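The structure appears below as structure tokens.
2 protein chains.
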Amino acid sequence: MKIAHLVHLTESVPPGKYGGTERVVFHLTEELVRLGHDITLFASGDSTTSAKLVPMSERALKHTPLINRDAVMTHMLEYIWNVSHEFDMIHSHMDFVGFPLARRSAVPVITTIHGHLGAPELAQVYHEFWDIPLISISYSQRRPFPSNHWKANVYHGLPVDLYTFHSKGRGYLAFLGRISPEKSPDVAIRIAQRLGVPLFMAAKVDPVDRDYFEAQIAPLLSDPLIHFIGEITDVEKGDFLGNASAVLCPYRPEPFGLVVIEALACGTPVVTFRHGSFPEIIDHGCTGFLCLDEEEMTQAIRHIHEIDRQQCRTQFERRFTSARMATDYVKLYEQLLSETAIKRAA
Amino acid sequence: MKIAHLVHLTESVPPGKYGGTERVVFHLTEELVRLGHDITLFASGDSTTSAKLVPMSERALKHTPLINRDAVMTHMLEYIWNVSHEFDMIHSHMDFVGFPLARRSAVPVITTIHGHLGAPELAQVYHEFWDIPLISISYSQRRPFPSNHWKANVYHGLPVDLYTFHSKGRGYLAFLGRISPEKSPDVAIRIAQRLGVPLFMAAKVDPVDRDYFEAQIAPLLSDPLIHFIGEITDVEKGDFLGNASAVLCPYRPEPFGLVVIEALACGTPVVTFRHGSFPEIIDHGCTGFLCLDEEEMTQAIRHIHEIDRQQCRTQFERRFTSARMATDYVKLYEQLLSETAIKRAA
């Protein structure tokens, strides 16, 4: 199939460092190319891909503080509108930005929603575009708009060999993410302190979170149990997660949560709260623990040796590889194409 | 005629304080209603208008820091798309944001460009949408894209009775605007100092310009000739400008420059640089002086008594009232409607 993938231009594909959506789109498009599909990626010009790249900006827009960022997006959508007939299908990763194109395009457009849907200002645009076929990345993500036109749910996946299995944890807890209130790093610190177990924190601090870091987190880092190691590379991530006895993800609800499947890929059990997408990814008592509060989380860590690390890896291989993700999408593309053919024949 | 006017939602119509576009749209739509047209204004819900108001957000978006500002705009454009058939004509003040609608709407869409066109990231979107009928607010504004589909030039206007004529200046120079590098307040200060004439500066300092103000301007304010009086209201503006012997507008090129016609409305001559829209608004030696550099500007002030203040007011009344602006637009609407009728008949 000949398929166009559209992404926001803020980040390159794959992203420089942080950027879940662009990482997933990278692995998905690589896998689709490997399966023999004709994939075109409309993305920033500094992207790297085995697909055909059509650069919609010279570089990722985060590197060029533009006054008229919307001008680049308006041009991009019109450009794609003009060439859309060259494709069998358009797969948008641009959220509501692509909805006007999706409504009017002669070619079927499918949109994977990558973000949270909780912000109140999203209500009008999601209600207006009730008919646009959407793909969720977890069932919990759909909650704010249960009646929109959800065609399927496709969990994210990562290449099966991106991280290797680590059969034994080395007695520390790991926290990976941004230092921001949504990630609740303070919860991870308090749990490590209550247990007297070392916590290694690999985390970036965005400028917007600098005040939060200084006021709420920095004062807690003097405890010799807590090791703040800053941002790490993808290569370092494997050992960082794989050598942990458990990965603590005390995050607020997320639409997916890539760190969770990264941990499982390494064989490391995950301890999270019982909300957002986490109950869909973690099997309680099998690949980690889903907890109601800090007290339960602390107890869960005490029982972490009961989790079979091989099971974590097996569940990752069964449910969260990019090969599985690509296969799911191909099925969906085929279904949409045959639905479109039936509609045209009718 | 039944006409929809579309504005950005960042500011209300009229704007709280600063906001040239929203002030012009306010006066234009008021005038069109007065002329008996059926005007609908799609704007933020805290707008005030004699037209029918269709609120596209509860309040001006600048009051509500949203994560997904684009979601509100995407909804707005689709909403208008859905109701566009109810109007004879759509008049967009939303720049390139309305271009996709303009290209596909069954109803004619005319777009007044209110901003600068110099930013390099605008090139792609203006080249893509070469066919969209545009109105400039000065001929100089068109320079970056001379080959786009410019239908007409319509200078801004203000109500004839908004400011009253002041027959005599009281010996001071006035500077009105933001304190920012684009407005060159330092030039105004240096000229006043060279002449030994008092300068009154009515200017706001935006958070983004705070550093510039502290480093470049604040140190100059200790001079007893320089009177920094901060932000002033519209009511105060009449006497502030009207009692000045000259208004100094040493701004970088602007697409129009409302302060210039506000000054003329009060009868006060204007001294500017010979660039941007200024040579189209100021008659050199008649309503003010157009200068090449600071030296010429200083000389010009020495000759300011040669300008007949009555001429300034007369030129304002002849060229820059909102009644004239509305009449220009009505002619243009009629022309566009007849062109559309001819195209449909063909």
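Chains R and G are the protein sequences, given in the same order. Under the numbering used here, residues 1 to 346 are what the first sequence spells out, in order. Under the numbering used here, residues 1001 to 1346 are what the second sequence spells out, in order. The C-beta atom is built at its ideal place from N, Cα and C for all residues, glycine as well. Just so you know, these numbers come straight off a predicted model, no measurement behind them.
Open item on the list: Could you compute how far the alpha carbon of residue 1219 of chain G sits from the alpha carbon of residue 84 of chain R?
Closed with: Here residue 1219 of chain G corresponds to residue number 219 of the second sequence, with the count starting at 1. Here residue 84 of chain R corresponds to residue number 84 of the first sequence, with the count starting at 1. Approximately 58 angstroms between the Cα atoms of the pair.
Open item on the list: Ignoring anything shorter than 4 residues, give me the alpha helix (DSSP H) runs that lie fully in the region 14 to 57 of chain R, in order along the chain.
Closed with: 20 to 34
Task: Exposure label - residue 1209 of chain G; buried when at least 16 CB within 10 Å - done: Residue 1209 of chain G sits at position 209 when you count from the first residue of the second sequence. Buried, by the Cβ-count rule.
Open item on the list: Between which residues of its own chain and residue 1160 of chain G is the CB-CB distance below 7 angstroms, once the five residues before and five after are set aside?
Closed with: Taking the second sequence and counting its residues from 1, one reaches residue 1160 of chain G at position 160. Hits under 7 angstroms: 1317, 1321 and 1323.
Open item on the list: Distance check for residue 1021 of chain G and residue 1115 of chain G, CA to CA, integer angstroms please.
Closed with: As a first step, residue 1115 of chain G is located in the second sequence; it is residue number 115 there, counting from the start. As a first step, residue 1021 of chain G is located in the second sequence; it is residue number 21 there, counting from the start. If I take the Cα positions, the gap works out to 9 angstroms.
Open item on the list: Here's the rule I'm using: 16 or more other beta-carbon atoms within 10 Å means buried, otherwise exposed. How should residue 313 of chain R be labelled?
Closed with: As a position in the first sequence, residue 313 of chain R is number 313, starting the count at 1. Counting Cβ neighbours within 10 Å, residue 313 of chain R comes out buried, since at least 16 surround it.
Open item on the list: Cutting at 7 angstroms between CB atoms, please list the residues of its own chain near residue 93 of chain R, excluding the five before and the five after it.
Closed with: Sequence index remark: in the first sequence, residue 93 of chain R carries index 93 (1-based). Hits under 7 angstroms: 5, 6, 7, 21, 25, 112 and 114.
- [ ] Taking a Cβ distance cut-off of 9 angstroms, strictly less, list which residues of the region 1063 to 1097 of chain G are near chain R, in chain order.
- [x] 1064, 1066, 1067, 1068, 1069, 1070, 1071, 1072, 1073, 1074, 1075, 1076, 1077, 1078, 1079, 1081, 1082, 1095, 1096 and 1097
TODO: May I ask you to verify whether the region 1219 to 1237 of chain G touches the region 1193 to 1204 of chain G, counting CB pairs closer than 8 angstroms and requiring at least 3?
DONE: yes
TODO: Determine the burial state of residue 1095 of chain G: buried for a count of at least 16 other Cβ atoms within 10 Å of its Cβ, exposed for fewer.
DONE: Counting from 1 along the second sequence, the entry for residue 1095 of chain G is found at position 95. Residue 1095 of chain G comes out buried.
Open item on the list: In this structure, how does DSSP classify residue 284 of chain R when only helix, strand and coil are distinguished?
Closed with: As a working note, residue 284 of chain R is residue 284 in the first sequence. Note: residue 284 of chain R maps to strand in three-state DSSP.
Open item on the list: Can you tell me whether residue 1309 of chain G is buried or exposed? The criterion is at least 16 other CB atoms within 10 Å of its CB, across all chains shown.
Closed with: As a first step, residue 1309 of chain G is located in the second sequence; it is residue number 309 there, counting from the start. Looking at its Cβ environment, which holds 16 or more other Cβ atoms inside 10 Å, residue 1309 of chain G is buried.
TODO: Report yes if the CB atom of residue 134 of chain R is closer than 8 angstroms to the CB atom of residue 156 of chain R, and no otherwise.
DONE: Taking the first sequence and counting its residues from 1, the one referred to as residue 134 of chain R is at position 134. Taking the first sequence and counting its residues from 1, the one referred to as residue 156 of chain R is at position 156. Not in contact: residue 134 of chain R and residue 156 of chain R (Cβ atoms no closer than 8 angstroms).
Task: Chain-ordered neighbours of residue 1125 of chain G on chain R, where CB pairs are closer than 7 angstroms - done: Looking up residue 1125 of chain G in the second sequence gives position 125. Under the 7 angstroms cutoff, chain R gives 71, 74 and 75.
Task: Range of the contiguous beta strand (DSSP E) that encloses residue 1003 of chain G - done: Taking the second sequence and counting its residues from 1, one reaches residue 1003 of chain G at position 3. Looking at the DSSP string, the run of the beta strand (DSSP E) that includes residue 1003 of chain G is 1002 to 1006.
Task: DSSP state of residue 158 of chain R mapped onto helix, strand, coil - done: Residue numbering aside, residue 158 of chain R sits at position 158 when the first sequence is read from its first letter. DSSP places residue 158 of chain R in strand when its eight states are reduced to three.
TODO: Indicate the three-state DSSP secondary structure (helix, strand or coil) for residue 87 of chain R in the structure shown.
DONE: Residue mapping note: residue 87 of chain R aligns to position 87 of the first sequence, counting from 1. In the structure shown, residue 87 of chain R sits in coil (DSSP, three-state: anything other than H, G, I, E or B).
TODO: Identify the continuous alpha helix (DSSP H) that holds residue 327 of chain R and give its terminal residues.
DONE: For this step, residue 327 of chain R is matched to residue 327 along the first sequence. Its alpha helix (DSSP H) spans residues 322 to 345.
Open item on the list: Along the region 119 to 145 of chain R, where does the CB come closer than 8 angstroms to a CB of chain G? Name the residues.
Closed with: 119, 121, 122, 124, 125, 128 and 129
Task: Distance between residue 41 of chain R and residue 348 of chain R (C-alpha atoms, nearest Å) - done: For residue 348 of chain R there is no data in the structure shown, the boundaries of chain R being 1 and 346.
Task: Nearest to residue 1319 of chain G (by Cα), restricted to the options G:1125, G:1137, G:1053 and G:1047 - done: To locate residue 1319 of chain G, count along the second sequence from 1; it is residue 319. Comparing Cα-Cα distances from residue 1319 of chain G to each of G:1125, G:1137, G:1053 and G:1047, the minimum goes to G:1137.
TODO: Just mark residue 125 of chain R as buried or exposed, buried being the case when its beta carbon has 16 or more other beta carbons within 10 Å.
DONE: Within the first sequence, the letter at position 125 stands for residue 125 of chain R. Residue 125 of chain R comes out buried.
Task: C-beta contact flag for residue 1107 of chain G and residue 1129 of chain G at 8 angstroms - done: Counting from 1 along the second sequence, the entry for residue 1107 of chain G is found at position 107. Counting from 1 along the second sequence, the entry for residue 1129 of chain G is found at position 129. Result no, Cβ atoms of residue 1107 of chain G and residue 1129 of chain G do not sit closer than 8 angstroms.
Task: Meets three-Cβ-pair contact criterion under 8 angstroms: the region 1244 to 1253 of chain G and the region 1272 to 1290 of chain G - done: yes
- [ ] Kindly indicate if chain G contains any beta-carbon less than 8 angstroms away from that of residue 100 of chain R.
- [x] Taking the first residue of the first sequence as position 1, residue 100 of chain R is located at position 100. So, interface residue.
TODO: Under 8 angstroms by Cβ, that's how I've got residue 132 of chain R and residue 102 of chain R pegged, so tell me the actual separation to the nearest angstrom.
DONE: Here residue 132 of chain R refers to the residue found at position 132 when the first sequence is read from its first residue. Here residue 102 of chain R refers to the residue found at position 102 when the first sequence is read from its first residue. Correct: roughly 5 angstroms between the Cβ atoms.
TODO: Less than 8 angstroms between the CB atoms is what I'm expecting for residue 163 of chain R and residue 266 of chain R, so what's the real figure, rounded?
DONE: Translated into the one-based positions of the first sequence, residue 163 of chain R becomes position 163. Translated into the one-based positions of the first sequence, residue 266 of chain R becomes position 266. Indeed, because the Cβ distance is near 5 angstroms, the residues count as touching under 8 angstroms.
Open item on the list: When you compare the CB positions of residue 170 of chain R and residue 298 of chain R, do they come within less than 8 angstroms of one another, or not?
Closed with: Reading the first sequence from its first residue, position 170 is the one you call residue 170 of chain R. Reading the first sequence from its first residue, position 298 is the one you call residue 298 of chain R. For residue 170 of chain R and residue 298 of chain R, no; Cβs fall outside 8 angstroms.
Task: Through-space distance from residue 56 of chain R to residue 375 of chain R, alpha-carbon basis - done: Outside the modelled stretch of chain R, which goes from 1 to 346, sits residue 375 of chain R, for which no answer is possible.
Open item on the list: Do residue 1117 of chain G and residue 1145 of chain G have their beta-carbon atoms positioned less than 8 angstroms apart in this structure?
Closed with: Numbered from 1 along the second sequence, position 145 holds the residue referred to as residue 1145 of chain G. Numbered from 1 along the second sequence, position 117 holds the residue referred to as residue 1117 of chain G. Yes, they are a contact pair.
TODO: Look at the alpha carbon of residue 291 of chain R and the alpha carbon of residue 97 of chain R, and state the distance between them as a whole number of angstroms.
DONE: Mapped onto the first sequence, residue 291 of chain R falls at position 291. Mapped onto the first sequence, residue 97 of chain R falls at position 97. Taking the straight line joining both Cα atoms gives about 36 angstroms.
- [ ] Out of R:191, R:295, R:69 and R:294, state which residue places its alpha-carbon closest to the alpha-carbon of residue 9 of chain R.
- [x] Counted from its first residue, the first sequence places residue 9 of chain R at position 9. When only C-alpha atoms are compared, the closest one is R:69.
Task: Cross-strand partners of residue 178 of chain R (DSSP beta bridge) - done: As a first step, residue 178 of chain R must be located in the first sequence, where it is residue number 178. Residue 178 of chain R is bridged to R:204.
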